[in-house]
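Enquirer: Residue numbers (my numbering): 37 to 310.
1) In angstroms, rounded to a whole number, what distance separates the CA positions of residue 124 and residue 75?
2) Can you check whether the CB of residue 228 is closer than 8 Å to the CB of residue 164?
3) Grab the span of the alpha helix (DSSP H) containing residue 43 for me, first residue to last.
4) Select from 291, 127 and 143 the residue whose C-alpha is nearest the C-alpha of residue 114.
5) With a cut-off of 8 Å on the beta carbons, I'd call residue 216 and residue 207 a contact; round off their distance for me.
6) What are the boundary residues of the beta strand (DSSP E) that includes residue 149?
7) Cutting at 6 Å between CB atoms, please list the residues of its own chain near residue 319, excluding the five before and the five after it.
8) Can you tell me which of the three DSSP states residue 197 falls into?
9) Determine the direct distance from the alpha carbon of residue 174 to that of residue 148, and round the result to whole angstroms.
10) In its own chain, which residues sit with a C-beta less than 6 Å from the C-beta of residue 152, not counting the 5 before and 5 after it?
11) Do you know offhand how far residue 188's Cα is from residue 56's?
12) Which same chain residues, not among the five before or five after residue 109, have their C-beta less than 7 Å away from its C-beta?
13) Taking just the CA atoms, how far does residue 218 sit from residue 300?
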């Protein structure tokens, strides 16, 4: 197990994606933020446009060490984690989060982990639902402008607090998002209990952290649908995935993968708003 400090794995000043369930109302709040990894169990987080977080509120922060120089491969050889924590201090634009639980993955291996002595994994008693097939009847046109942006962050409605994961995606000119995963993954299991989710695409590959954090990202909210394997759309998009991410050809061609179609109902883009 990795003995290095968390900031040695993902960086000390990095971009993060924070998700939380706001008290007293349904849904999820999502923020793109700047993260200072103070200690293995403490994060100092800056949210440029302010927030409504409260002390003792549960949050999840996605962290990874992607950058413009990242070279992807079939093992997804970046350090990444879904940092479950609780807010212990807040001001208008900042919060401090103490860790409850996380696992740092590099490729398929868990390299570092932490569990608070009082943390318990929540039990999920929700019933599994059948996810409907995508209503698309024509093969969509991929957005070629996003060809070089290989991965985004998916936030799903896990129990107690959101779950986050980084994964390859395709986007279209109609703002649809497609991603591929195995049906046995945690994110897939959560989506089969609540098919609503968020997907965050940021410009860290081309713009500095401060600019990306304030301006260069899209937060997409919507519902997911399955793309049936016997449809022409599945095979066509599978080949587009391989063209965009040739290092993952073995994964994309695996007979057990499933393809999700995220249909957006809301999108936040600071650049568009300006």
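The beta carbon of each residue, even a glycine, is placed where N, CA and C say it ideally should be.
Expert: Taking the coordinates as given:
1) 14 Å
2) yes
3) 42 to 46
4) 143
5) About 14 Å separates the two Cβ atoms, so there is no contact after all.
6) 145 to 151
7) Because the chain spans 37 through 310 in this model, residue 319 falls outside it and cannot be assessed.
8) coil
9) 44 Å
10) 136
11) 18 Å
12) Low confidence applies to residue 109: its pLDDT is 49, below 50, so where it sits in the model is not reliable enough to give any reading.
13) 22 Å
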